[in-house]
Amino acid sequence: MNKKIETIIADLKTAGISCVVTMLIFAAIFSNEPVVSSIRIIVGFFWIFVFPGIFLVNLFPLDVSKGSIEKIILAAIAGSAVVGVVSYYLGLIGFHAKYHSLVLPPVVIAACLAIFLKKK
Amino acid sequence: MKEINWREYIEPALLALFVIVFFVMGPANVLDKRVSHNHPFNILASDAASEIAFVAMLRDQGSHRMMSASMCGGFEDCYGFFPYVFRHLALVFGMSAGLEDHQINILFTSFFLLIVCIMMFFLIKRWNSHIAYLSLPLMLFALLPRFNIGLMWGYYDVIVSAAFVIAIAYLLTQEKREKNWMLFAILLAASFLTHISEVIYATIFVGLFYLIRWIQKKKIDRESIRFFVKTYALVAVLIAYYAIIFLIFWDASDLIKGMPKPQWYDPVVQHFLIQEGIGGKIVQFLPLALLVGGIIISFFLLRKKSLVPILFGFTMVVFGFNPVGISFIRTFQIRYLWPVYLSMFFGLCLYFILSFLKLKKKEISAGVSALLIVFIGIALFMPSASAGIIDQNQWDAMQWMRYNTPQDAQVTVLYGDSYHQDATLWNYFRTSYRILEKSFKEHLENNKLSKVHLGRIVGPGDVDYAYWNGFLSLGRHRLEQEDHFVAPRNICLSDYIFFDIVSRTPVLAQFNVAVAGKMLEDQDFAVAYQNQRSVVLKNIKYNADCIVEGKINE
Chain A
0 MNKKIETIIA
10 DLKTAGISCV
20 VTMLIFAAIF
30 SNEPVVSSIR
40 IIVGFFWIFV
50 FPGIFLVNLF
60 PLDVSKGSIE
70 KIILAAIAGS
80 AVVGVVSYYL
90 GLIGFHAKYH
100 SLVLPPVVIA
110 ACLAIFLKKK
Chain B
0 MKEINWREYI
10 EPALLALFVI
20 VFFVMGPANV
30 LDKRVSHNHP
40 FNILASDAAS
50 EIAFVAMLRD
60 QGSHRMMSAS
70 MCGGFEDCYG
80 FFPYVFRHLA
90 LVFGMSAGLE
100 DHQINILFTS
110 FFLLIVCIMM
120 FFLIKRWNSH
130 IAYLSLPLML
140 FALLPRFNIG
150 LMWGYYDVIV
160 SAAFVIAIAY
170 LLTQEKREKN
180 WMLFAILLAA
190 SFLTHISEVI
200 YATIFVGLFY
210 LIRWIQKKKI
220 DRESIRFFVK
230 TYALVAVLIA
240 YYAIIFLIFW
250 DASDLIKGMP
260 KPQWYDPVVQ
270 HFLIQEGIGG
280 KIVQFLPLAL
290 LVGGIIISFF
300 LLRKKSLVPI
310 LFGFTMVVFG
320 FNPVGISFIR
330 TFQIRYLWPV
340 YLSMFFGLCL
350 YFILSFLKLK
360 KKEISAGVSA
370 LLIVFIGIAL
380 FMPSASAGII
390 DQNQWDAMQW
400 MRYNTPQDAQ
410 VTVLYGDSYH
420 QDATLWNYFR
430 TSYRILEKSF
440 KEHLENNKLS
450 KVHLGRIVGP
460 GDVDYAYWNG
470 FLSLGRHRLE
480 QEDHFVAPRN
490 ICLSDYIFFD
500 IVSRTPVLAQ
510 FNVAVAGKML
520 EDQDFAVAYQ
530 NQRSVVLKNI
540 KYNADCIVEG
550 KINE
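Listed in order, the protein sequences are those of chains A and B.
FYI, the numbering for the first sequence is 0 to 119, going by numbering that gives the first Met the number 0.
FYI, the numbering for the second sequence is 0 to 553, going by numbering that gives the first Met the number 0.
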């Protein structure tokens, strides 16, 4: 379990660094966009897809180095898969889509943590 | 003091360079280095306009279970019939990023295109790092004409779904792949609910992979069978709702149609050629030559580690030509991503050449890749920012109608340069009848001004405005009430008239003005909104004879 927590922390650290680097690149290149907006765009992307994805991919026995960019990219894709499918069905059962950006990331993270604890 | 191993930073630095050049050539170029435009920027086709409307509809309604009545000819019982995960992802991202509906799609899809490229990089890297580094430059061709059409023409769901497929291919390179069956299932389901074609490619590809392994091992192992059964059982559960809708609503007949011929806007093999004037004929043909060289070399390299990336590339070459003409293979949508799917062959050939020259160090492969990335970014950069087919004035008029007219108002749309791209008109969410070009032509040719014009309901008519008519039984409004959808209409009875007073074809704008003039003459209509380009008239008297038949020039 401790190893898993260490892995998640390493992944989150890399995700954080990637987020900052991407922010800087994006803000510099999108020079006609206000900096605050650029920051919000990148942070928004990481919040919705990458951070939940990190907890999700750590549920699986993947042969990929902890804290690697490879894992962050896989996390982004896995995170968007889960967020997309869950958002689709939540909408169908009546939970309005405008709340999903607030609710889904913590719910996905909490669900993953619950599964970790159950496995322990 | 700890020594810094600079070699550890080669790969992150190369990826950072790639990201920079990608942003410059891609979204920053397309969006003129700005996200928060006040109107839909660089939207060049109906599909792109429709995606804005779908995201806006999702934000308003909360789900896509039902279509907006304004997109269903006024009927309130049309079911949502597209796979909608892309729109959910776009909205969720947009709300988190603080973006308006019309600002989201191109940027969001660009992010996913970048992720597609980097995931492909890591897929190739599972086999060979050198080849992975050397594959990156070709991926930038996805941002050049005509491969980049997806970003401006609205093939967003294809790109997002491709990310899920490449992740599936990546998972196949894992030793414990069968233990990750749930992750496979989630990605397959997400792909299906985003854009169905990709899950078909993924399934065929995964099937081929296992077939080859069974032949190599000379047996079919139980673990793989269990893997397939569990994975696709979970996929079936996750996609059940939409799968039923798809099978019943869409007409899936006519599976084989003959080898597809490209339209003028579709990418073909020649788009891997560099334009003339940059370095001569050798440079012009180089990318294509390296691609073909890589394909030939890869035939001799099918081994355990290389199986997944090479098989993936071969699959996409075959599907990209689609020699049998299978209709569910969306041939030209695969070709939009050929620069990514086939990049491994490019990298392989380059690595073969470098190995032949005894230049086998990773730093050299990374250096060559970096040089090519910079060369492509500078030499092949083509500015592509444009206002698009919906300019600020048209968008302002549409937004005025959206927020200042009754929900059930009916709008008649006269001529506008871009309004034949119907979906532009979905964005103000009112039931609309667009007067058809042949009606204008007929009136102009006969110098005739009248109140009756041939009009068509504006909306996604792919499934003929289908609705549930009982258990697993479908009705289709368009087939049941054809006159409601396409028929001559008395425009004097429309709640609002929407048209442009400026056009690339001045005579049509003048015709609009002539028609409007008659309506305003006796105050049957009044100007409700006007800007430099677009006008909205409101019906005051509902006088069925607001236009007396006559000549245009009277």
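Note that CB positions come from ideal geometry on N, CA and C, so glycine has one too.
Report the rounded CA-to-CA distance for residue i versus residue j, giving the unit in angstroms.
{"i": "Ser36/A", "j": "Pro104/A", "result": "21 Å"}
{"i": "Ala525/B", "j": "Leu435/B", "result": "24 Å"}
{"i": "Glu275/B", "j": "Phe29/A", "result": "30 Å"}
{"i": "Arg64/B", "j": "Phe74/B", "result": "14 Å"}
{"i": "Ser35/B", "j": "Lys2/A", "result": "43 Å"}
{"i": "Ile244/B", "j": "Leu478/B", "result": "18 Å"}
{"i": "Pro266/B", "j": "Arg145/B", "result": "5 Å"}
{"i": "His101/B", "j": "Ser368/B", "result": "36 Å"}
{"i": "Leu11/A", "j": "Asn468/B", "result": "50 Å"}
{"i": "Ile42/B", "j": "Ala161/B", "result": "22 Å"}
{"i": "Tyr78/B", "j": "Asp463/B", "result": "11 Å"}
{"i": "Gln480/B", "j": "Ala47/B", "result": "29 Å"}
{"i": "Pro322/B", "j": "Ala188/B", "result": "28 Å"}
{"i": "Val307/B", "j": "Phe320/B", "result": "20 Å"}
{"i": "Asp250/B", "j": "Ala184/B", "result": "26 Å"}
{"i": "Val234/B", "j": "Val84/B", "result": "15 Å"}
{"i": "Phe331/B", "j": "Cys545/B", "result": "49 Å"}
Indicate whether at least one CB of chain B lies closer than 8 Å to the CB of residue i.
{"i": "Gly90/A", "result": "yes"}
{"i": "Phe115/A", "result": "no"}
{"i": "Ile7/A", "result": "no"}
{"i": "Ile108/A", "result": "no"}
{"i": "Leu112/A", "result": "no"}
{"i": "Ser100/A", "result": "yes"}
{"i": "Lys97/A", "result": "yes"}
{"i": "Ser30/A", "result": "yes"}
{"i": "Ser36/A", "result": "yes"}
{"i": "Pro60/A", "result": "yes"}
Between residue i and chain A, is there a C-beta pair that is closer than 8 Å?
{"i": "Leu57/B", "result": "yes"}
{"i": "Pro308/B", "result": "no"}
{"i": "Asp31/B", "result": "yes"}
{"i": "Thr193/B", "result": "yes"}
{"i": "Asn446/B", "result": "no"}
{"i": "Phe208/B", "result": "no"}
{"i": "Tyr132/B", "result": "no"}
{"i": "Tyr231/B", "result": "no"}
{"i": "Tyr340/B", "result": "no"}
{"i": "Phe311/B", "result": "no"}
{"i": "Arg64/B", "result": "yes"}
{"i": "Tyr427/B", "result": "no"}
{"i": "Lys555/B", "result": "Lying outside 0 to 553, the shown extent of chain B, residue 555/B is not represented and no answer is given."}
{"i": "His476/B", "result": "no"}
{"i": "Phe92/B", "result": "yes"}
Within 7 Å: the Cβ of residue i and any heavy atom of the ligand FMN?
{"i": "Ile195/B", "result": "Looking for the ligand FMN in the displayed structure turns up nothing, as the structure carries no ligands at all."}
Looking at the strands, I want to know which residues DSSP matches up with residue i.
{"i": "Ser557/B", "result": "The structure shown does not extend to residue 557/B, since chain B is modelled only from 0 to 553, so the question has no answer here."}
{"i": "Gln529/B", "result": "Val534/B"}
{"i": "Lys447/B", "result": "Lys550/B"}
{"i": "Val485/B", "result": "Arg455/B"}
{"i": "Tyr495/B", "result": "Val410/B, Lys537/B"}
{"i": "Met65/B", "result": "Tyr78/B"}
If I'm right that residue i touches residue j with Cβ under 8 Å, what's the distance once you round it to whole angstroms?
{"i": "Ile103/B", "j": "Val54/B", "result": "6 Å"}
{"i": "Arg429/B", "j": "Ser45/B", "result": "Actually they are not in contact, since the Cβ atoms of Arg429/B and Ser45/B sit about 18 Å apart, beyond 8 Å."}
{"i": "Arg609/B", "j": "Val457/B", "result": "Nothing can be reported for residue 609/B, as the shown portion of chain B is limited to 0 through 553."}
{"i": "Met343/B", "j": "Ile123/B", "result": "5 Å"}
{"i": "Gly90/A", "j": "Gly61/B", "result": "6 Å"}
{"i": "Leu448/B", "j": "Ala527/B", "result": "With a Cβ gap of about 22 Å, Leu448/B and Ala527/B do not count as contacting."}
{"i": "Ile372/B", "j": "Pro11/B", "result": "Contact doesn't hold; Cβ gap of about 14 Å is too wide."}
Using a Cβ-Cβ cut-off of less than 7 Å, list which residues of the segment 44 to 58 of chain A approach chain B; keep chain order. Cβ proximity to chain B below 7 Å picks out Phe44, Trp46, Ile47 from the segment 44 to 58 of chain A.
Residues of the segment 149 to 175 of chain B in Cβ contact with chain A at a cutoff of 9 Å, in chain order, please. Flagged, chain order: Val159, Ala162, Phe163, Ile165, Ala166, Tyr169, Leu170, Thr172, Gln173, Glu174, Lys175.
Determine which residues of the segment 9 to 24 of chain B have a Cβ less than 9 Å from any Cβ of chain A, and write them out in chain order. Residues of the segment 9 to 24 of chain B with a C-beta less than 9 Å from any C-beta of chain A: Glu10, Pro11, Leu14, Ala15, Val18, Ile19, Phe22, Val23, listed in chain order.
Select from the segment 452 to 465 of chain B all residues with a C-beta closer than 8 Å to any C-beta belonging to chain A, and list them in chain order. Here the close residues number zero.
Which residues, taken in chain order from the segment 109 to 130 of chain B, show a beta carbon closer than 7 Å to some beta carbon of chain A? Contact annotation: in the segment 109 to 130 of chain B, residues whose CB is within less than 7 Å of a CB in chain A are Phe110, Ile114, Ile117, Met118, Phe121.
Short of 9 Å Cβ to Cβ, which residues in the segment 1 to 28 of chain A face chain B? So the list reads Val20, Thr21, Ile24, Phe25, Ala27, Ile28, given in the order they occur along the chain.
Listed in chain order, which residues of the segment 72 to 87 of chain A have Cβ atoms closer than 8 Å to some Cβ of chain B? Result list: Ile72, Leu73, Ala75, Ile76, Ala77, Ser79, Ala80, Val81, Val82, Gly83, Val84, Ser86, Tyr87.
Using Cβ-Cβ distances below 9 Å, what residues of the segment 94 to 107 of chain B are close to chain A? Answer set for the segment 94 to 107 of chain B: Met94, Ser95, Ala96, Gly97, Leu98, Leu106, Phe107.
Positions along the segment 343 to 359 of chain B whose CB lies within less than 7 Å of some CB in chain A: So the list is empty, because no residue satisfies the distance condition.
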